[in-house]
Amino acid sequence: MPITRKEEEVLNEHFLINSYVEGFTVSQADLCLLKQFTSLPSQDLINLQRWHRHIASFTEEKFIFPDSKSNNLSIIQNGIKVQIMVNTSEENVAIDGNDFKVVEDDVVDPWNVQAASNKGIDYDKLIDRFGSSRIDEALLERFEKLTGQKPHHFLRRGIFFSHRDMHRVLNLVEAGKKFFLYTGRGPSSEAMHVGHLIPFIMTKWLQDVFDVPLVIQLTDDEKYLWKDLKLEQCNKLAYENAKDIIAVGFDRNKTFIFSDIDFVGGAFYKNVLMVQKHVTFNQVKGIFGFDESSNIGKIMFPAIQAVPSFSSSFPFIFGGKKDVPCLIPCAIDQDPYFRMTRDVAPRLGFQKPALIHSTFFPALQGASSKMSASDENSSIFLTDTANQIKKKINKYAFSGGRDTIEEHREKGGDCEVDVSYMYLQFFMEDDDKLENIHQQYSSGQMLTGELKAELIKILQKLIGDHQERRKNVTDNDIKEYMSPRPLNFIESK
Ligand code: TYM
C-alpha cells in the first residue's frame, strides 16, 4: 500500500527530531520504508523530504543496510500509525537507485544545492564540470609571498577550493596595481545563517590583506522576483541584512553596500542595458534553466548581478575607469551568474571578473545539502541564542560516532560524515588543536558529546560576538556604508 498523506505527516513529525526510523544509525527499516514510497514525498514536508533524499542517496552506492533491531516496526504520532514492513528475508542489499527519482549528479545552481551522495558534493567533479581551477599549493604559496601572511584557514583547508583567474589578480598585485572586491547577499530572510558568513569572512580577510575597495550588492529585486515576498519587505530585509554585513567589520572607508531597488540607475543601469543587449534568451535558458513560463524579471535579472563586476558601474569610486579588475568571493552556487558575466565582458570591452569559490557550509543533518535559511532545523542562525545553539547542535548535528560507547571506543568516530567536525574545520582556527581533535575522535578517545561541546563553545562565541557588534550598528553607520562615495581609490602607476 502506498504511503498516504496522513502517514506522510506522521513521518514528517518523526523526522523532525529523528534522523532515522530507529536509533541513531541507518538500518534496513529505513530502506524498507523508502520502498513503501511509490513517488517522492510531498514538497511541503521538509523533514520527510530530507530523510528521503538522504536514504535514497545510499542506494546510489549499493550500500549494504545493517539489519534493524526488530522486524515489526511502526511509527505512531497522535494515534496515527505507520507500519513499516521490514522484510529481512529479502536480499540485504540496497535497491537500485533508479527505482526512485533521486539526483544522479550533484545539483549546484543559485537556487538548488543537492548532493547525489551522503558524503556531500563531489567538488573535484564540479571543478571539471564548471571548468574552473583548483586552488592548489602553488597558488597558496603566491598568496603567502605577496601578503607576507599565512593564507586564511579557509584557503589552507580547501574550504575555498576553486578559482577563476586568481593568478591574473596576483600578477597585478605583484606589479603594484589595484583591484576591487565584489560580493553580495540575496535578502530573503531577516536572520542570516552561519553559512552566509563564509564568503563575507573571506572577503574581509582579502580586503584587510590587500587594502582594496569592496562593493556589496543586496539583491532585494532578485528575492522579489523569485520568492513570495512583497517588494517593500525585500527592500526592508536588505537594510536588516546590511547590519549583519557591517557587523563583519569591513573597512568603512573602503566599502560600499547597495540595495538594487534603491541604487540601480545611471552608469550602473547603462552597463545593465549593454549586458542585456548582448545576452540572448537562449543563453540564459541554457545557463539558468529558465523557460517560457518564467517571469520576464527573472530572465533579465542576471544582467543586474553581472554588472557590479565592471568598475565603470561605480563612477563615484573609480572615476569612470573601465578596466579596474574585479575579484568575487562567493560559494560555488553563484558561479552560473559569473560564467555568463565572463562570457559577455570582452564583447563589451570590459575585463572578466576573477572568482574564488567556497564549498558549502553543510546542513545540520549532513553534507548532502547546504545550510539553508528556508529549513529552520537545518540551520544555525546569527540570531540564535547560546541555548538554541547548544540545543540544535546536540539534537540535530549528524554524528559520525558509533551506536554505543564501547563500539565508539573500539572503532572510533567517522570525521568524514560528522557534521560537528565539519563545522570545526570552518571555525576552529588553531590547526594543531583541530588535528588533535581529529586524531582523538577517530581513534575513539573522544566521544561525540565531547566533540559537540567543543563546537558549541566556538559557535556560541562566534555568534555572541557577532550579535554584540550588530547591536552597535547605528542608522548612521548604515547611511555611511550605503552612500555612493569615492572610497579613497588611488590607482598606482
Ligand atoms: P545568498 O543570499 O543566497 O547567499 C549569500 C552568499 O552566501 C553564500 N552561501 C553559502 N556559503 C557557504 N555555505 C552555505 N551554506 C551558503 N549559502 C549561501 C552564497 O554563495 C553567497 O556568496 N544572488 C546572491 C546575491 C549576490 C551575490 C553577488 C553573491 C549578488 N551579487 C556576488 C555573491 C557574489 C544570493 O542570493 O546570495
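Take any residue in the sequence shown, count from 1 to its spot, add 750: that is its number in the numbering used here.
By construction, the Cβ of each residue, glycine as well, lies at the ideal position given by its N, Cα and C atoms.
If you're wondering where the values come from, they're calculated on a predicted model, not measured in any experiment.
Using a cutoff of 7 Å, the CB of Pro1103 does not count as near ligand 1, since none of the ligand's heavy atoms is closer than that.
Shown here, Gln899 sits in coil according to DSSP, grouped into three states, outside any helix or strand. Ranked by Cα distance from Arg892, the first of Tyr873, Asn921, Val1034 is Asn921. Ile951 sits away from Ser912, with the two beta carbons spaced by 8 Å or more.
Under DSSP, Arg884 takes part in a beta bridge, and its partners are Ser912. Nearest to Ser1062 by C-alpha distance, out of Lys980, Val1074, Gly773, is Val1074. One thing to note: Ile966 has its Cβ no nearer than 8 Å to the Cβ of Ile1011. Using a 10 angstroms sphere on the CB of Ile826, the tally of other CB atoms stays under 16, which defines it as exposed. In this model, Gly1070 and Leu1098 are separated by some 15 Å (Cα to Cα). With a cut-off of 7 Å, the C-beta of Phe1110 is classified as near ligand 1, since at least one heavy atom of the ligand falls inside that distance. Within 7 Å of the C-beta of Tyr932 there is at least one heavy atom belonging to ligand 1. For Arg1220, the uninterrupted alpha helix (DSSP H) run begins and ends at 1198 to 1221, by DSSP. Taking the CA atoms as reference points, Leu1197 sits about 19 Å from Gln1115. In this structure, Ser1122 keeps its C-beta atom at 8 Å or more from the C-beta atom of Pro949.
Taking non-hydrogen atoms of ligand 1 into account, the C-beta of Lys954 is found less than 7 Å away from none of them. Pairing Gln799 with Phe910, the inter-Cα distance amounts to about 29 Å.
Put simply, the region 1142 to 1157 does not touch the region 887 to 901. Fewer than three CB pairs are less than 8 Å apart. It is roughly 8 Å from the alpha-carbon of Asp859 to the alpha-carbon of Phe1038. Per DSSP, the unbroken beta strand (DSSP E) holding Tyr932 starts and ends at 930 to 935. In this structure, Ile1078 has its CB closer than 7 Å to one or more heavy atoms of ligand 1. Within the chosen limit of 7 Å, ligand 1 does not reach the beta carbon of Thr1005 with any heavy atom. The DSSP-derived three-state label of Ile996 is helix.
Within the region 1030 to 1097, complete beta strand (DSSP E) segments of at least 3 residues are found at 1076 to 1081, given in chain order. The C-beta distance from Pro963 to Lys1004 rounds to 5 Å, short enough to meet the 8 Å contact threshold.
Of the other Cβ atoms in all chains shown, 16 or more fall within 10 Å of the Cβ of Pro1086; this residue is therefore buried. Going by DSSP, Ala1136 is part of no beta strand (DSSP E) but of the alpha helix (DSSP H) stretching over 1136 to 1146. Residue side-chain check: Gly908 keeps its Cβ at 7 Å or more from all non-hydrogen atoms of ligand 1. Not one heavy atom of ligand 1 sits closer than 7 Å to the Cβ of Met1090. With respect to the 8 Å criterion, Pro791 and His802 are classified as neighbours on the basis of their beta carbons.
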